[in-house]
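This report refers to the structure that appears directly beneath it.
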Amino acid sequence: METELTKSTFSCKLGILSRPDGSAILSKDNTTVIAGIYGPIEVKLQKLLIDKASVECHYRPKSGLPGIEDRMHESIIRNTCEASLVASLHPRTAVLVAIQELQNSGQLISCAVNAVCLACLHAGIDMKFMFGAVTCFSNGVEMSLNPPAQTHIKAVFVFVFDSTEKRVIASHTKGIFTKEQFEEAVELCRSGSDQVFDYYKKVLTN
Amino acid sequence: MPVDHKRINGPEDTVPYSLYTKTNKQSLTEQYEEIRKTGQRTDSRAFSEHRKIFVRTGAVSQAKGSAYIELDNTKVIVSVFDPREIPNRPDYSLKGELYCEFKFAPFSCHKRRLHVQDAEEKQHSAIMKRALESTVCLHEFPNFQVDVYATVLENDGSCLSAAITAAGLALAHAGVPMYDIITSVTMGIQRDTFFVDPTVTEQNICLYPRPSESDTEHGIVVLSKLHTHDQVSQFYQFGNVSLDKLNESISILDETCRELVPIVQKYLVKHVVKNLQRNT
Amino acid sequence: MSDGYKTLHPVKYYREFLSQGIRPDGREFNTFRPILLNVGSINTADGSAIAKVGNTTVVCGIKAELCKPKPDAPDCGFVVPNLELPPLCSAKFRPGPPSDQAQVLTQLIAEIITNSNCIDLRDLCIVRDKLAWCLFVDFVCLDFDGAVVDAAVVSLLGALKTVKLPLVEYDPALESTQVFLEEKKPIKLHSMPVSTTFAVFEDKIILKDPTLEEETLCSGVFTIVLKDDELCCVHKPGGSPLAPEELVKCIDESKLRTPLISSLIATTLKS
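In order, the protein sequences belong to chains A, B and C. Just so you know, the first sequence maps onto residues 1 to 206 in UniProt numbering. Just so you know, the second sequence maps onto residues 1 to 280 in UniProt numbering. Just so you know, the third sequence maps onto residues 1 to 271 in UniProt numbering.
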């Protein structure tokens with residue numbers, strides 16, 4: 001079982017965009033995503049919440065217009081941010097999260113979520129905790145944090161954890177798996193998330 | 001067809017399988033000839049007989065008022081919502097407005113319907129609006145609009161009139177101030193045959209003049225009536241019908257509309273009794 | 001009196017109820033709402049079902065059409081699911097193109113269909129590379145009162161069970177197709193996905209099968225889909241963080257629903 005995320009695969013640069021309040025480009029295993037955060041900004045009347053800031057998320061695929069699969073990514077990222085940001089500090093405002101996919105060779109959701117977290121950290125927006133996403137693959141027998149080279153993949157799990165208690169914020173799965181496999185996958189990703197948070201620290205201290 | 005980014009799109013060209021069936025079915029003209037010869041409609045109703053109506057109020061718990069209507073196979077559901085400010089309207093209007101939307105469910109017709117509202121649905125929405133406007137006390141809610149949404153779950157003819165009757169019931173169920181009970185009936189005309197409350201096949205028979213006859217009268221008439229005032233709130237006619245026949249058809253429709261009133265009344269009384277019981 | 005209190009302080013109202021271990025509609029935290037299923041009521045569709053979970057109502061209608069398979073999958077047919085949340089079903093929705101929520105739900109249902117493998121696309125192929133069935137599976141929500149996915153999945157199963165496809169003969173020499181309406185065959189259902197939705201109230205209390213009110217007041221909603229003893233979807237799009245043990249507990253809870261739904265479908269099809 002591979003429990004080590006090969007660390008060298010992450011590469012990131014903060015503040016590559018000048019207009020947003022915070023931005024990050026993150027790439028892992030040839031999957032590259034740019035995320036930008038604007039906020040708190042003015043809110044559309046329709047989305048105004050009187051007790052907290054509303055989070056908007058715009059996801060742009062490599063080419064063409066966003067389809068319904070991208071809407072699903074948006075909803076995962078938006079709800080994760082809503083859980084993590086201290087939205088009650090800025091009532092009647094909006095936080096805009098913009099994500100541009102540049103390159104996709106798998107693990108897109110986790111890469112996008114991590115890029116958004118780095119962008120939030122760069123923007124200096126108040127957060128209750130950091131969040132980190134880890135993808136895990138199962139071929140029915142074994143679990144692995146890195147995509148298996150040849151074997152047939154039976155299930156893919158994506159989990160987003162918070163940095164304080166390592167609880168599950170978001171989960172998204174593909175394929176069929178048993179309850180035991182699910183538990184195993186959560187544990188594996190949970191330990192894998194340490195490396196993500198360590199990487200955040202490394203990026204921020206440099 | 002342009003790709004819809006907000007839905008899952010199927011393969012580019014799909015064809016309904018009914019196109020490839022053996023054509024041992026009678027053509028519409030033949031069916032019409034048979035109906036004329038035997039003097040009987042396919043479901044053995046009399047020509048001036050309306051189908052059995054089933055109505056129920058309160059089908060949608062999230063709406064202020066709702067009604068579900070069934071004319072044998074025709075199934076329509078209507079819901080009405082609380083008045084809300086008219087969107088995108090800078091000036092103040094003394095009268096309220098009705099917003100009507102008529103929609104066929106994708107699986108409701110013989111041929112699959114697309115999700116986007118087409119011309120027929122838009123026309124039906126407009127007719128519904130016209131029919132209902134005169135029965136609602138619009139001055140009671142100035143600058144506000146009441147939304148009325150109708151969805152056809154299965155279309156076996158006369159769905160527009162079913163939607164109007166149900167919408168009247170739903171408006172009353174929602175407690176929207178109204179002048180009167182509204183009922184509506186459709187009629188199909190082909191030469192000298194009048195089909196009251198036509199089914200889909202009968203409607204199709206009436207849509208076009210049947211060939212090899214000099215008499216080309218055909219058409220569809222929809223009439224909505226306010227009961228106590230004895231007034232016509234909406235009249236729609238399609239096709240080519242002589243004045244005499246039209247007069248005759250109106251008097252038949254008038255009579256049928258009256259027959260529907262007790263059914264609607266019964267449901268309203270039920271609703272009032274239930275509410276009174278709850279409050280005491 | 002209580003109505004006014006509820007409108008003014010909805011969260012407080014709920015908190016007081018839940019602290020007593022009961023929900024405002026009289027259910028306990030882990031009770032399902034009653035489910036009703038009616039199949040085959042829409043004659044214009046090739047298969048149809050209406051499912052009611054509490055007040056939530058979803059109609060599923062399936063229309064089958066013929067088309068050519070894709071070149072990269074010459075032996076596969078198509079299943080095209082779409083969920084509509086029309087303005088009719090709740091005051092939350094406005095006329096126009098599908099809302100974000102409708103799009104996310106459509107995608108979730110599409111994933112449930114592919115993950116659970118309940119329809120084998122190869123069963124839908126008639127002649128390799130020439131002719132295949134395309135099933136348009138349309139869901140229309142008539143009453144939006146929480147846990148729409150659960151109702152949609154039940155209606156999907158009901159509708160799929162009633163689908164009957166006519167026999168099709170294809171002549172490769174003439175490239176002509178003929179359909180025999182007299183000989184109709186049902187399609188094979190390979191598995192039975194069962195979905196259960198949960199809501200998390202104030203990071204602590206987990207409510208099973210939430211109503212719309214509960215979904216809006218809660219800080220997170222997640223859906224677990226089981227296929228017999230296996231899982232085919234654990235979808236938690238953000239919201240309150242949960243410990244993994246709690247998630248696993250919910251998986252066990254949702255297992256209780258499978259026998260209920262399978263017996264419901266069996267009895268509905270019999271009558």
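Where is the CB? At the ideal position from N, CA and C, for every residue including glycine. No experiment lies behind these values; they were computed from the predicted model shown.
- Inter-residue distance for V116/A and K236/C is about 18 Å (C-alpha atoms, whole angstroms).
- Counting only Cβ-Cβ distances below 9 Å, C109/B has contacts in chain C at T44, in chain order.
- Just so you know, the alpha carbons of M178/B and R278/B end up roughly 23 Å apart.
- Looking at the DSSP output, H172/A bridges to V158/A.
- Among the residues of chain B, those whose CB is under 9 Å from the CB of F136/C are G10, T14, P106, F107, R112, following chain order.
- Taking C-beta atoms as the reference points, V225/C and G239/C fail to come closer than 8 Å.
- Within 10 angstroms of the beta-carbon of I68/A lie 16 or more other beta-carbons, which makes it buried.
- Under the Cβ distance rule, H235/C counts among the residues neighbouring chain A, one pair being separated by less than 8 Å.
- Taking 8 Å as the CB threshold, A199/C stays off the interface with chain A.
- Look at the stretch 31-42 of chain C: it has no residue with a C-beta under 7 Å from a C-beta of chain A.
- Setting aside the 5 residues that flank it on each side, V153/C is surrounded in the same chain by I109, I112, P193, V194, S195, V225, each with a C-beta closer than 8 Å to its C-beta; the list follows chain order.
- Where C120/A is concerned, there is no enclosing beta strand (DSSP E), although the alpha helix (DSSP H) around it starts and stops at 108-123.
- When Cβ pairs closer than 8 Å are counted between the two stretches, the stretch 120-129 of chain A is seen not to touch the stretch 44-51 of chain A, the count staying below three.
- Taking C-beta atoms as the reference points, C189/A and V141/A fail to come closer than 8 Å.
- Apart from sequence neighbours up to five positions away, no residue of its chain approaches T280/B with a beta-carbon distance below 6 Å.
- For Y179/B, the three-state secondary structure derived from DSSP is coil.
- One alpha carbon belongs to V116/B, the other to S125/B, and they sit about 14 Å apart.
- Taking a contact as a CB-CB distance under 8 Å, the pair K68/C and L131/C counts as one, their CB atoms being some 7 Å apart.
- For Y99/B, the enclosing beta strand (DSSP E) begins and ends at 97-104.
- Under the three-state reduction of DSSP output, D3/C falls in the helix class.
- Note on K64/B: 16 or more other CB atoms within 10 angstroms of its CB, so buried under the neighbour-count rule.
- When the Cα atoms are used, D13/B and M187/B turn out to be separated by approximately 36 Å.
- Bridge pairing for S224/B: S184/B, Q234/B [DSSP].
- By alpha-carbon distance to P142/B, the top candidate from R89/B, V15/B, F107/B is R89/B.
- Burial is judged here by how many other beta carbons sit within 10 angstroms of a residue's own beta carbon; F139/C has at least 16 and is buried.
- Beta-bridge pairing by DSSP links S176/C to D171/C.
- Its chain contains E154, D156 as the residues whose beta carbon lies nearer than 6 Å to that of N73/B, once the 5 sequence neighbours on both sides are disregarded; these appear in chain order.
- If you draw a 10 Å sphere on the C-beta of V11/C, you find fewer than 16 other C-beta atoms in it, and that means exposed.
- The stretch 46-59 of chain B makes no contact with the stretch 125-139 of chain B; the number of CB pairs closer than 8 Å stays below 3.
- For Y32/B, DSSP records no beta bridge to any residue.
- Within the UniProt domain "Exoribonuclease phosphorolytic" (32-166) of chain C, the complete alpha helix (DSSP H) runs of at least 4 residues fall at 100-116, 148-162.
- When the alpha-carbon of L223/B is set against those of L253/B, Q31/B, K75/B, A174/B, the nearest one is in L253/B.
- F177/A has L231/C as its beta-bridge partners, per DSSP.
- When Cβ-Cβ separations below 8 Å define contact, H5/B makes contact with chain A.
- Beta-bridge partners of P193/C (DSSP): K227/C.
- Within a 10 Å sphere around the beta-carbon of T38/B sit fewer than 16 other beta-carbons, which makes this residue exposed.
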